[in-house]
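Peer 1: Heads up: the sequence lines are chains A and B, in that order.
To convert, note that position 75 of the first sequence is 75 in this note's numbering; the numbers rise steadily by one, no gaps.
To convert, note that position 33 of the second sequence is 33 in this note's numbering; the numbers rise steadily by one, no gaps.
Every residue gets a Cβ at the ideal spot worked out from N, C-alpha and C, and that includes glycine.
First the structure, then my questions, so here it is.
Number of protein chains: 2
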Amino acid sequence: MDKKKKKVLESKGYRVGSAENFLGLSKEESEYIELKLALSQALSEQRKQKKLTQIQLAKMLNSSQSRVAKMEKGDPTVSLDLLIKSLLAVGATKKNIAEAIN
Amino acid sequence: MDKKKKKVLESKGYRVGSAENFLGLSKEESEYIELKLALSQALSEQRKQKKLTQIQLAKMLNSSQSRVAKMEKGDPTVSLDLLIKSLLAVGATKKNIAEAIN
DNA sequence: TGACAATATGTCAAACTTGACATATTTTTA
DNA sequence: TAAAAATATGTCAAGTTTGACATATTGTCA
Chain A
1 MDKKKKKVLE
11 SKGYRVGSAE
21 NFLGLSKEES
31 EYIELKLALS
41 QALSEQRKQK
51 KLTQIQLAKM
61 LNSSQSRVAK
71 MEKGDPTVSL
81 DLLIKSLLAV
91 GATKKNIAEA
101 IN
Chain B
1 MDKKKKKVLE
11 SKGYRVGSAE
21 NFLGLSKEES
31 EYIELKLALS
41 QALSEQRKQK
51 KLTQIQLAKM
61 LNSSQSRVAK
71 MEKGDPTVSL
81 DLLIKSLLAV
91 GATKKNIAEA
101 IN
């Protein structure tokens, strides 16, 4: 795969497997990352729509500002579970989530 | 909330919070569980559609039969990450996933 | 039926994710 | 501008999820 692209992802903390095709990540890897970024974005948008700061959102989620920042950045230490629970907590519906994913 | 319902969920290993309304789980809790079960079902269906046993699927995922069984049952020790990575690995598209969620 | 295959359940050490904290960087506002 | 507010980044102990294994239960079919 593209060495540069791989380095960028690895520098962000992603572990990139070895079975990827030469244009980039394996289909599954890239779909997974895309999906995660889509949810990150959705969370960021929902928060802004509700005029909340990361600190305010963190309190609603019993979490911390730093973790909210990581969620919105799609940090590799953030799970889909956390993203989805957060989206639901902030008022997003299953429909919203399904739309974000597509 | 309904004591019986709560016991059933807790017996399955779910930790049920205390801020729920009296008809059931909080909206977020139940939406999260619904969503997870929907993905579990989707994985089970994809596997059967492809005529795979849990052992065969487990090999494709570098996992084990017992974990596949837990995935398909929506066991609380199974993360959305694992479910979604598995769905992608078995050939489901983002579209499939979005549809399963709704 | 009985035996064989498939699926389910319980447990655990290793790996991963978490909120929290400290601190850095960026953005907003007076 | 400079100070304040908001967001980002690094680290870590505690909590959660993982594949693997053993074993139990359920399904299939001769």
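Spatial neighbours of L82/B within its chain, please: C-beta separation below 6 Å, excluding the five flanking residues on both sides.
Peer 2: none
Peer 1: Give me the Cβ distance between G74/A and L37/A, rounded to the nearest whole Å; I'm assuming they're in contact under 8 Å.
Peer 2: Their Cβ separation, rounded to whole angstroms, is 5 Å, which keeps G74/A and L37/A in contact under 8 Å.
Peer 1: Taking 8 Å as the threshold, find out whether the stretch 93-100 of chain A comes into contact with the stretch 48-55 of chain A through three or more Cβ pairs.
Peer 2: no
Peer 1: For a quick check, are the C-beta atoms of S86/A and L35/A less than 8 Å apart?
Peer 2: no
Peer 1: Check whether the Cβ of A58/A lies closer than 8 Å to any Cβ atom in chain B.
Peer 2: no
Peer 1: Return helix, strand or coil for N96/A, following the three-state DSSP convention.
Peer 2: helix
Peer 1: Closer than 8 Å, Cβ to any Cβ of chain A: which residues of the stretch 75-89 of chain B, in chain order?
Peer 2: S79, L80, D81, I84, K85, L88 and A89
Peer 1: Can you round the beta-carbon distance between A89/B and M60/B to whole angstroms, since I take them to be within the 8 Å contact cut?
Peer 2: M60/B and A89/B do touch by the CB rule: their CB atoms are close to 6 Å apart, below 8 Å.
Peer 1: Compare the C-alpha of I33/B against each of R15/B, N62/B and L57/B and name the closest.
Peer 2: When only C-alpha atoms are compared, the closest one is R15/B.
Peer 1: Among N62/A, A69/A and T77/A, whose alpha-carbon lies nearest the alpha-carbon of E45/A?
Peer 2: Closest option to E45/A, judged by alpha-carbon separation, among N62/A, A69/A and T77/A: A69/A.
Peer 1: V68/A by DSSP, collapsed to three states: which one?
Peer 2: DSSP places V68/A within a helical segment (H, G or I) once states are collapsed to three.
Peer 1: Could you confirm whether any beta carbon from chain A is found closer than 8 Å to the beta carbon of A98/B?
Peer 2: Using beta-carbon distances, A98/B counts as an interface residue toward chain A, with a partner under 8 Å.
Peer 1: CA-CA distance, F22/A and T77/B?
Peer 2: Residue placement at F22/A is flagged as unreliable, the pLDDT there being 49, under the threshold of 50; a coordinate-derived value is accordingly withheld.
Peer 1: Beta carbon of A58/A, beta carbon of R67/A: below 8 Å?
Peer 2: yes
Peer 1: Nearest chain B C-beta to L39/A closer than 8 Å, yes or no?
Peer 2: no
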